[in-house]
């Protein structure tokens, strides 16, 4: 893991995958939704928002061309089927000026001990070689779960900086930890 070169003028992108459960699902007990100061976020979306506010980076949500189902059981079944069959779903996400970014934060939840398959689609679609990749994730207790090695394998010619992984149960109170991490890796003062 490398530190980002501090003091340089980076062009930063925060690309994140977040599939928060729909309205009507209790944000307190849901793994994918957090309530912070009365505002509702997906857990990965919240971390991305803090990163964006602190760094001034551009944000983009990674979305599949075919949206995931609204019901948790249906979403879980579809996502697990993608995982078991190594399906990289088509993305609706467009980033026309992707080549302009030198630092790319990539955020995702851990699903079945790996990145959602949409993240593999992201790395298929966007050439991250030569860029500094900074991963961040939320999880249910599994930590990175081997995803850092997966990213190294997917983009061997990128620099992988120290990432940030947090339990989804602690996401709502993670702001200070995120800001400390950004300072530690040289992206904020």
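Residue numbers (my numbering): 27 to 215. Using N, Cα and C, we set each Cβ at its ideal position, and we do this for glycine too. Values in this document were obtained by computation on a predicted structure and should not be read as measured data.
Counted as a single uninterrupted DSSP element, the beta strand (DSSP E) harbouring residue 41 occupies residues 38 to 42.
Sequence-distant partners of residue 76 (beyond 5 residues in either direction) whose C-beta falls short of 6 Å from its own C-beta, in its chain, are 201, 204.
Taking 4 residues as the minimum length, the alpha helix (DSSP H) runs contained wholly in the stretch 162 to 212 are 173 to 180, 201 to 210, in order along the chain.
Nearest Cα to residue 187 within the set 125, 82, 132: 132.
In the structure shown, residue 149 adopts helical secondary structure according to DSSP, grouped into three states.
Here the C-alpha atom of residue 44 lies approximately 7 Å from the C-alpha atom of residue 69. Here residue 135 is bridged, per DSSP, to 164.
Apart from the 5 residues on each side of it in sequence, residue 89 sits with its Cβ closer than 6 Å to the Cβ of 118, 119 in its chain, given in chain order.
Distance from the Cα of residue 161 is smallest, within the candidate group 102, 141, 196, for 141.
Selection 36, 74, 156 evaluated against residue 42 yields 74 as nearest (Cα-Cα).
Shown here, residue 214 sits in coil according to DSSP, grouped into three states, outside any helix or strand.
For residue 99, the uninterrupted alpha helix (DSSP H) segment begins and ends at 98 to 110. Residue environment for residue 71: buried (at least 16 other C-beta atoms within 10 angstroms of its C-beta).
The alpha carbon of residue 183 has as its nearest neighbour, out of 154, 164, 167, 211, the alpha carbon of 154.
Around the beta carbon of residue 93, a 10 Å sphere encloses fewer than 16 other beta carbons of the protein chains shown; the residue is thus reported as exposed. Take the alpha-carbon of residue 157 and the one of residue 174: they are about 15 Å apart. Assignment of residue 85 by DSSP, reduced to helix, strand and coil, places it in the strand class. Only buried fits residue 137, as 16 or more other CB atoms lie within 10 angstroms of its CB.
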